[in-house]
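Numbering of the sequence shown is given in our numbering, commencing with residue -1 and proceeding in unit increments.
The beta-carbon is built from N, C-alpha and C at its ideal position, and this holds for glycine as well.
Remember, predicted model here, so these are calculated numbers, not experimental data.
Okay, so here's the structure we're looking at.
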Amino acid sequence: MTALAKSRPAFDVEALRVQFPILSREVNGKPLVYLDNAASAQKPEAVIEAVANVWRHSYANVHRGLHTLANEATEAFEASRGKVARLLNAPGPEHIVFTKGATEAINLVADSFGATLEQGDEVILSQMEHHSNIVPWHFLRERKGVVIKWIPVTEDGTLDMEAYEALFTRRTKFVSLVHMSNVLGTVNPARRLTEIAHANGAAILFDGTQAAVHMPVDVAGIGCDFYVFTGHKLYGPNGAGALYAAGDWLERLRPYQGGGEMIAEVSEDGVVYADVPHKFEAGTPAIADVIGLGAAIDWVQALDRTAALDHERALLDHAEAGLRDVDGLRLYGRSQDKGAIVSFTIDGAHPHDLAQLMDKYGVAVRAGHHCAHPLMKRYGVPGTVRASFAPYNTVAEVDAFIEALHKAKSFLI
């Protein structure tokens, strides 16, 4: 053990938990054990207050007003853009577009970049993608004849890198991949994936919806063209997320939507677009939610992230050890470098039934296909049970999860 590791204080999960009001409630007469963080994380008091303070004290529309409230709202809104840029290690806030979330951000890129594609051009996805990183590309397949090619997922839940390299042809124009799987927890080798895409003349996007929560993200180091994430999984509000675009992509691509804010001038004969990134932010944005996202980023960056991620890893290891004692259980996602997510099935028990029964004991897990139908088909299952961990979860909660699972299983088998 290094001197630095010896000197680092133990991770104080109880001090963290008191910042989350919802964690003190009971469900069905039992203490809430919230293990559905991959779907949406709970909110600390700092984020709740940041959003409430906008509504209470300084709400106004942004950018176009000249009065005090408009100036205050605009300043806080744009401060959040800078916070997103620093979170991702982007070159500057002008590379950040605010969206409703990762889904809208991917749709934006698919539509705007897709305008440059022709019939027969190719887009590479993987079998582990969330539907939000599949359906927008199917739109292009349906409307323009774009060809979608798929990277296989190996049995242990990693991308088949040899197959990935073999997919490229002169018609391959774009690659869109998840950075960390919401089902398997697999962390994909973003930099290597980017290098291969660029060597073949293709642009690349990463869906960082899970990765931005569970690991430091460095878009400059990755070298990717686009990166997206959503705020509500990062302890922030719903309705606020972001797109990062490298270089001059925002200058080169056409706007995704038209309306107010994204224009510099409108006449009967034409439109002059606003400067980037506002060119891609049509209409009144989710002002309070974007300011709340900035507060969530402040909260995350105030954590000892190394200690928090070590704590998450310890919870994952403890959960996987406990699950090994469950007869008939199969785990999905066995890569060595993975985030704090466990997905599993139990022979003879439907995932939905298990999740509903576990809720009777106050344990909240997710069950179903997790918006990842191709991955479920790859493993031959209709769905899985998924437990996903956050820094505010405890070892005692993992034990409660395992105990609830045994009880649920006993009712079904």
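The beta-bridge partner set that DSSP reports for Ile146 consists of Val121.
In the DSSP assignment, Thr170 falls outside any alpha helix (DSSP H) and lies within the beta strand (DSSP E) extending over 170 to 176. Taking the CA atoms as reference points, Phe172 sits about 28 Å from Lys81. Taken in chain order, the complete beta strand (DSSP E) segments of 3 or more residues contained in the segment 311 to 347 are 327 to 330, 339 to 344. DSSP assignment within the segment 187 to 250 yields the following whole beta strand (DSSP E) runs of 3 residues or more, N-terminal first: 201 to 205, 224 to 228, 239 to 243. A buried status is given to Gln125, since no fewer than 16 other beta-carbon atoms sit within 10 Å of its beta-carbon.
Beta-bridge annotation (DSSP): Arg364 is paired with Arg384.
Closest in C-alpha terms to Val324, from the list Ala338, Gly290, Ile344, Asp315, comes Ile344.
If you ignore the 5 residues before and after His61, its C-beta comes within less than 6 Å of the C-beta of Thr72, all in its own chain and listed in chain order. When secondary structure is reduced to three states using DSSP, Thr392 falls in the coil class, being assigned neither helix nor strand.
Within a 10 Å sphere around the beta-carbon of Glu310 sit 16 or more other beta-carbons, which makes this residue buried. Per DSSP, the continuous alpha helix (DSSP H) segment holding Phe75 begins and ends at 66 to 86. Residue environment for Asp246: exposed (fewer than 16 other C-beta atoms within 10 angstroms of its C-beta). Secondary structure at Ala280: coil, using DSSP grouped into helix, strand and coil. Non-local beta-carbon contacts of Ile339 in its own chain, meaning distances under 8 Å to residues more than five positions away in sequence, involve Ala36, Ser179, Asn180, Val181, Leu182, Gly183, Gln208, Leu314, Gly331, Arg384, Ala385, Ser386, Phe387 in chain order. In this structure, Ala113 is the residue among Met159, Ala113, Glu163, Lys231 with its C-alpha nearest to the C-alpha of Arg139.
Apart from the 5 residues on each side of it in sequence, Asn131 sits with its Cβ closer than 6 Å to the Cβ of Ile104, Ser174, Asp205 in its chain, given in chain order.
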